[in-house]
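Q: By UniProt numbering, the letter at position 72 of the sequence shown is numbered 72, and the numbering carries on one by one without gaps.
Note that beta-carbon positions come from the ideal geometry of N, C-alpha and C, so glycine has one too.
Treat the numbers as computed from the prediction; the structure is a model and nothing was measured.
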Amino acid sequence: MCAAKAEVKPFGEDEYGRKIDRCLTDVLMKSAGGLAVGAVFSLLFIKRRRWPLVLGTGFGTGVAYTQCEKDLNA
């Protein structure tokens, strides 16, 4: 006898949950990257102002949001 392996499709909720997990991870990573870039820029060029930190974090979060929106709508 030959045992055939059945392909198991994930439930819709599981796939949606994985997408949300990827989005949250992406937001955290890109926000932290933006914060780091803003911190370096602030320390080296702008005499320790706060706005580069906020701007870098906002850019990272915006890029992650755009990517999540595309991923969830696909």
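(1) Where Val54 and Ala39 are concerned, what is the direct C-alpha to C-alpha distance, given to the nearest angstrom?
(2) Is Leu35 buried or exposed, if buried means 16 or more other CB atoms sit within 10 Å of its CB?
(3) Nearest by alpha-carbon distance to Thr66: which of Asp26, Gly33, Leu44, Leu43 is it?
(4) Is the CB-CB distance between Gly62 and Val37 below 8 Å?
A: On the basis of the data shown:
(1) 9 Å
(2) buried
(3) Asp26
(4) no
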